């Protein structure tokens with residue numbers, strides 16, 4: 017492989033080789049959850065059986081939960097390899113392709129600095145936010161990262177049609193994907209002086225996001241989008257929220273300047289060495305995609321540990337690349353280059369202090385010896401039998417039309433109503449419930465008995481229950 021090709025592919029290949037097996041191991045040893053891997057895998061399983069967009073968790077029509085038509089492009093792949101692990105590995109490889117695009121952009125924008133291609137790709141792929149979202153679970157939002165970078169590269173190469181197609185694919189990854197379109201449009205207008213196209217994309221992206229959240233999702237859900245609950249401090253409807261933002265902008269600093277949210281922004285900017293703060297114009301595109309996280313009251317959106325950063329980090333990478341040429345001007349550029357590379361490496365090491373790999377490893381590793389017991393109980397469940405399973409078991413049992421999870425963390429008087437007596441079997445991981453919901457095994461047993469489930473088999477912390485005949 018030629019030297020320039022090695023520079024383009026070395027970091028992405030290393031990323032895929034490292035995080036692919038780690039993510040798969042986390043899933044295999046019961047570290048993934050029904051939210052989100054189990055939901056996505058069951059949706060694709062239903063699609064391959066002709067039950068398009070049918071879901072049994074939260075909503076019956078999946079577009080009532082997420083508006084993500086791009087995700088359906090994975091149906092043929094899942095039909096060939098119908099295993100949740102397929103999605104885990106695909107996500108890792110597809111995300112790594114974004115590192116190749118970052119490397120190509122670096123080579124294009126810094127043609128005289130080949131030594132910076134690898135650090136730029138590493139700054140994108142090996143920051144903690146990227147690793148965390150790959151290790152967390154599968155979510156189609158992660159696909160948007162690569163589509164965004166592909167759109168940027170296409171527009172940079174004067175391939176407008178490809179850029180628009182890639183942008184549309186990014187938009188189709190989530191209901192707020194129109195903000196990705198607005199961010200790309202802002203980049204075109206500000207950094208590439210293509211104001212007409214940029215303005216069109218900003219307006220189109222904002223209009224799509226409004227329609228998706230205010231009209232399309234409520235139609236399929238039978239009520240307003242549940243994600244709006246995280247912005248209730250702004251209003252009750254999307255229109256009211258937008259109006260309050262403009263009518264009372266003085267309320268925004270309280271929501272935006274919370275210390276935890278400032279730390280979140282610092283974590284995201286650390287791999288870029290905070291350099292974009294010296295050139296704020298380079299950060300304008302990122303504003304569209306980071307604001308929903310900063311305005312949210314849901315803590316998971318601003319911890320740099322989940323899929324919510326997937327559409328933010330591509331624009332921060334672009335801001336970094338646009339700033340680097342300014343840092344390398346002048347006669348001392350050779351010394352500046354060495355300092356930049358060293359500082360980037362140190363920043364990545366510091367950034368990964370927020371990595372989740374250490375946290376989940378402490379829970380997953382004990383399951384290495386428990387997986388056989390889970391397999392034994394899972395084999396006792398009839399194929400396609402309606403099932404309720406602990407959240408960490410659901411992803412391994414999704415090849416059925418109905419699967420849900422017992423809401424063990426809900427008030428006990430509501431438990432018999434869930435999952436609406438549709439599940440013939442319930443498979444429970446007592447250790448998981450105690451760890452994540454602090455619910456003792458005795459209380460779990462009490463709730464299951466109250467919902468008319470009888471114990472069938474128990475092994476190594478797992479228990480299989482069956483709904484008593486005549487109670488459906």
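In the numbering used here, the protein residues as written are 17 to 488.
Idealized CB from N, CA, C, for every residue including glycine.
The structure presented is a predicted model; accordingly, all values stated were derived computationally and were not measured.
Option in the options with minimal Cα separation from residue i
| i | options | result |
| --- | --- | --- |
| residue 237 | 438, 72 and 465 | 72 |
| residue 483 | 438, 189 and 355 | 438 |
| residue 317 | 211, 124 and 148 | 148 |
| residue 225 | 83, 50, 52 and 354 | 83 |
| residue 79 | 256, 302 and 192 | 192 |
| residue 49 | 290, 150 and 409 | 409 |
| residue 150 | 327, 266, 281 and 38 | 38 |
| residue 325 | 115, 103, 302 and 345 | 302 |
| residue 74 | 89, 58, 63 and 216 | 58 |
| residue 135 | 103, 28 and 321 | 28 |
| residue 203 | 337, 47 and 358 | 337 |
| residue 116 | 168, 25, 234 and 333 | 25 |
| residue 322 | 52, 287, 23 and 297 | 52 |
| residue 399 | 388, 386, 391 and 415 | 415 |
| residue 163 | 103, 213 and 188 | 188 |
Bounding residues of the beta strand (DSSP E) (the contiguous stretch that carries residue i)
| i | result |
| --- | --- |
| residue 405 | 403-405 |
| residue 474 | 469-475 |
Cα-Cα separation, residue i to residue j
| i | j | result |
| --- | --- | --- |
| residue 405 | residue 397 | 11 angstroms |
| residue 262 | residue 240 | 22 angstroms |
| residue 260 | residue 312 | 15 angstroms |
| residue 41 | residue 210 | 45 angstroms |
| residue 428 | residue 456 | Note that residue 428 has pLDDT 44, beneath the 50 cutoff, so the model's placement of it is unreliable and no number is given. |
| residue 451 | residue 304 | 37 angstroms |
| residue 476 | residue 411 | 20 angstroms |
| residue 449 | residue 421 | 11 angstroms |
| residue 264 | residue 274 | 18 angstroms |
| residue 195 | residue 44 | 34 angstroms |
As assigned by DSSP and simplified to three states, the class of residue i
| i | result |
| --- | --- |
| residue 441 | strand |
| residue 261 | helix |
| residue 373 | helix |
| residue 210 | coil |
| residue 81 | coil |
| residue 168 | helix |
| residue 480 | strand |
| residue 174 | coil |
| residue 419 | strand |
| residue 74 | coil |
| residue 397 | coil |
| residue 433 | Bear in mind that a pLDDT of 40 at residue 433, under 50, signals an unreliable position, so the model cannot answer this. |
| residue 414 | coil |
| residue 88 | helix |
Where the alpha helix (DSSP H) containing residue i begins and where it ends
| i | result |
| --- | --- |
| residue 341 | 329-343 |
| residue 280 | 275-285 |
| residue 306 | 300-311 |
| residue 91 | 91-96 |
| residue 190 | It is not in any alpha helix (DSSP H) - residue 190 carries neither H nor E in the DSSP assignment. |
| residue 452 | 446-453 |
| residue 457 | 457-466 |
| residue 296 | Note, residue 296: premise wrong, no alpha helix (DSSP H); not H, not E. |
| residue 235 | 233-237 |
### Message
Threshold first: 3 residues or longer. Then list the beta strand (DSSP E) segments lying entirely within the region 24-68, N to C.
### Response
none
### Within the region 115-170, ranges of the alpha helix (DSSP H) (whole runs, at least 4 residues)
133-141 and 144-152
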